[in-house]
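Data first, discussion second: the structure below is written as structure tokens.
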Amino acid sequence: MSSSLVHLHIPKSTGTSHRVYLAKVFGEDQLFWYGLHSDATEFDANKVAAYCALGGHRPLAFYPRSLNALYTSVVRDPVERAVSFFNYCAEAPESDSDVWLKQRRKEQKHWRRQGLDPTSLSRSIECCKPFRKAISNLQCGYLSRYEPTFGSVLKTLEEESMVIGVFDKLPLFNDFLQTELNFPIENRVHANAGREGYAANIFSEPGVANLIRSLNVEDQLLYDFFRFERAGIYVGVNNVDVVRKNVPTIESRKNLRNAGIPFRWDKVHLFGKGFLGVANDGTLLARVVISNTSNESLVFSRPSENSCSIGWRVTNETGGRIEGLHGTVDIDQTIPAGDIKIASVSLRLNGEELQNDTAAIIEFCIVDGGVWLNQEYPLTSAVSKLFFG
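Just add 23 to wherever you are in the sequence shown, counting from 1, and you've got the numbering used here.
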């Protein structure tokens, strides 16, 4: 049995965001995630044989050597990871999802029963043995087939195909997947992130950083190796061609709504010019401005199921629709999160219909998977006045 790749999700090292991204690339039905789809403590090849990608909170040693997959993971500065994990366990969760909130509150009650003190990371290390274990050289344990030491990880790297990224150099890791493995979607997902500024209060506790580092001598060596000696990414791959062949050919927009997090269309605005000229032969060239203030890239692609396009319709002065003067235009364009781009739209209007009806206004609208979004999200459309000749 062979899977295209396995992601070793080290807790609080951008694994949730990566799971959402993989779901977009492969499709939810091709991704198996331990902790989400199964709580199994032993690997069952038959259970996962049909999936292209695996992942979850399982160390490398969980998977048999016979799997022969490409293993990926992201490491993080051990102090930052420990502080983030403590915040996850201690801070009151916020979410629009009742299911997610229920799960988080259940987890936090569990940690407090184990002895975690939400007001002090230092006391939590002292009084909560499971928490102390979870922040002590855990990353070496995830990446080693032997002891949880830096030396054992180096030995493992000689034996396995692995790509390891670094949390604070994440674009290098994402670019490798997109470029070398032909992943068709840019990874701009940010999921399960902590509240901005949460670390300041935790670090204000005297001696907490030094205490964490004393528990992570091996993880510190590991992080420094990948961050500095390998400049932010380690690539030790002998089966990349096999993995690349196993990546499904998926149109850029096809799986975005399968990722469990709907796109924030309320964060997208469309703008047009005040007046647009129509040539004598009915040709219309327009440029529309697309503003994307969401946290995810907005991808338009050529025709495919669920692809995004620009819809258009011509109306009279009162907004009445003119039969036959409507359609969609497919473009290839990506608007990164927080960015603004200009898209060129070219179309040809029926000259006879233009003359026989009082065509006066053209409306452009974003169309997602065949759905015109302006009914629910009015700012995804823009209108311009037409003039002829």
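Where a beta carbon is used, it is the ideal one built from N, C-alpha and C, also for glycine.
First and last residue of the beta strand (DSSP E) that includes F410?
Here the question's residue 410 lines up with position 387 in the sequence shown. Where F410 is concerned, the enclosing beta strand (DSSP E) stretches over S404 to F411.
Decide if the segment 73-81 is in contact with the segment 31-40; the criterion is three or more beta carbon pairs, one per stretch, under 8 angstroms apart.
yes
Using 8 angstroms for Cβ pairs, my map puts D355 next to F323. What's the rounded Cβ distance?
The residue you call residue 355 lines up with position 332 of the sequence shown. The residue you call residue 323 lines up with position 300 of the sequence shown. Right, the Cβ-Cβ distance comes to about 7 angstroms (below 8 angstroms), so this counts as a contact.
Among residues of its own chain, excluding the 5 on either side of L234, which ones have a beta-carbon nearer than 7 angstroms to its beta-carbon?
The residue you call residue 234 lines up with position 211 of the sequence shown. Excluding positions up to five away in sequence, the list reads S145 and I148.
Only counting runs of 4 or more residues, tell me where the alpha helix (DSSP H) segments fall wholly within the segment 190-259, in order along the chain.
193-203, 221-226, 231-237 and 240-247
Determine the burial state of E328: buried for a count of at least 16 other Cβ atoms within 10 Å of its Cβ, exposed for fewer.
Here residue 328 refers to the residue found at position 305 when the sequence shown is read from its first residue. Low per-residue confidence applies at E328: pLDDT is 47, beneath 50, and the placement is therefore not dependable, though the value from the model is reported in the following sentence. When all chains shown are included, E328 counts as exposed.
What are the start and end residues of the alpha helix (DSSP H) that includes H41?
Here residue 41 refers to the residue found at position 18 when the sequence shown is read from its first residue. Here the alpha helix (DSSP H) through H41 covers G38 to F49.
According to DSSP, what are the bridge partners of C331?
Here residue 331 refers to the residue found at position 308 of the sequence shown. Bridge partners of C331: D391.
Span separating the alpha-carbon of Q398 from that of R267:
Your numbering for residue 398 matches position 375 in the sequence shown. Your numbering for residue 267 matches position 244 in the sequence shown. Cα-Cα distance, rounded: 40 angstroms.
Determine the extent of the alpha helix (DSSP H) in which Y165 is found, giving its start and end residues.
If you number the sequence shown from 1, residue 165 lands on position 142. First-last of the alpha helix (DSSP H) with Y165: L161 to L166.
Taking only the alpha-carbon atoms, compute the straight-line gap between R135 and P141 and give it to the nearest angstrom.
Residue mapping note: residue 135 aligns to position 112 of the sequence shown, counting from 1. Residue mapping note: residue 141 aligns to position 118 of the sequence shown, counting from 1. Rounded to whole angstroms, R135 to P141 spans 8 angstroms at the Cα level.
Considering L177, what are the terminal residues of the alpha helix (DSSP H) in which it resides?
The sequence position of residue 177 within the sequence shown is 154, counting from 1. Looking at the DSSP string, the run of the alpha helix (DSSP H) that includes L177 is F173 to L180.
Nearest candidate by alpha-carbon position, reference N210, set D100, R42, V390 and E340
Counted from its first residue, the sequence shown places residue 210 at position 187. Cα-wise, what sits closest to N210 is R42.
Roughly how many whole angstroms lie between the Cα atoms of S18 and P359?
The requested residue 18 does not occur in the structure, where the chain is confined to residues 24 to 412.
Taking 8 angstroms as the cut-off, decide whether the C-beta atoms of S186 and L93 are in contact.
Counting from 1 along the sequence shown, the entry for residue 186 is found at position 163. Counting from 1 along the sequence shown, the entry for residue 93 is found at position 70. The sequence given here has Val at residue 186, not Ser. Taking 8 angstroms as the Cβ cut-off, V186 and L93 qualify as a contacting pair.
Neighbour-count burial assignment, Q53, 16 or more Cβ in a 10 Å radius:
Locating residue 53 in the sequence shown gives position 30, where the first residue counts as 1. Counting Cβ neighbours within 10 Å, Q53 comes out buried, since at least 16 surround it.
DSSP-derived helix/strand/coil call for F109
Position 86 of the sequence shown, counted from the start, is the residue given in the question as residue 109. Correct three-state label for F109: helix.
Closest to P7 by C-alpha separation, out of N69, T357 and C163, would be which residue?
In the structure as shown, the chain starts at 24 and stops at 412, and residue 7 therefore has no counterpart that could be examined.
If distances are taken between C-alpha atoms only, which option among S332, W288 and Y257 comes closest to F199?
By one-based count along the sequence shown, residue 199 stands at place 176. Measuring from the Cα of F199, the nearest candidate turns out to be Y257.
Take the Cβ of G283 as the centre, count every other Cβ of all protein chains shown within 10 Å, and call the residue buried at 16 or more, exposed below.
The residue given as residue 283 occupies position 260 in the sequence shown. Confidence at G283 is low in this model, with a pLDDT of 45, below 50, so its placement is unreliable and no value can be given for it.
Residue range of the beta strand (DSSP E) that includes K156
As a position in the sequence shown, residue 156 is number 133, starting the count at 1. That residue, K156, is in no beta strand (DSSP E); its alpha helix (DSSP H) goes K152 to A157.
Taking all protein chains shown into account, do 16 or more other C-beta atoms lie within 10 angstroms of the C-beta of F391, making it buried, or fewer, making it exposed?
By 1-based counting over the sequence shown, the position of residue 391 is 368. The sequence shown places Asp at residue 391, rather than the Phe named in the question. The residue is buried, with at least 16 neighbouring Cβ atoms inside 10 Å.
Tell me H349's beta-bridge partners as DSSP assigns them.
Position 326 of the sequence shown, counting from 1, holds the residue named residue 349. Per DSSP, R336.
Under 8 angstroms by Cβ, that's how I've got Q131 and P153 pegged, so tell me the actual separation to the nearest angstrom.
Here the question's residue 131 lines up with position 108 in the sequence shown. Here the question's residue 153 lines up with position 130 in the sequence shown. Q131 to P153, Cβ: 13 angstroms. No contact.
First and last residue of the uninterrupted alpha helix (DSSP H) at K364:
Position 341 of the sequence shown, counted from the start, is the residue given in the question as residue 364. K364 -> not in any alpha helix (DSSP H); beta strand (DSSP E) instead, spanning D362 to R371.
Cα separation between G361 and R310?
Taking the sequence shown and counting its residues from 1, one reaches residue 361 at position 338. Taking the sequence shown and counting its residues from 1, one reaches residue 310 at position 287. Spanning the two alpha carbons is a distance of roughly 20 angstroms.
For a quick check, are the C-beta atoms of L293 and L299 less than 8 angstroms apart?
Counted from its first residue, the sequence shown places residue 293 at position 270. Counted from its first residue, the sequence shown places residue 299 at position 276. Contact: no.
Are there 16 or more other CB atoms within 10 angstroms of the CB of Q243, so buried, or fewer, so exposed?
For this step, residue 243 is matched to residue 220 along the sequence shown. Result: buried.
Bounding residues of the alpha helix (DSSP H) (the contiguous stretch that carries A68):
Taking the first residue of the sequence shown as 1, we reach residue 68 at position 45. From DSSP, the alpha helix (DSSP H) with A68 extends over A68 to V71.
List the endpoints of the continuous beta strand (DSSP E) containing A383.
One-based indexing of the sequence shown puts residue 383 at position 360. First-last for A383: undefined, no H or E at that position.
Following the continuous beta strand (DSSP E) through G305, name the residue where it begins and the one where it ends.
Within the sequence shown, numbered from 1, the residue matching residue 305 stands at position 282. No beta strand (DSSP E) holds G305; DSSP gives it neither H nor E.
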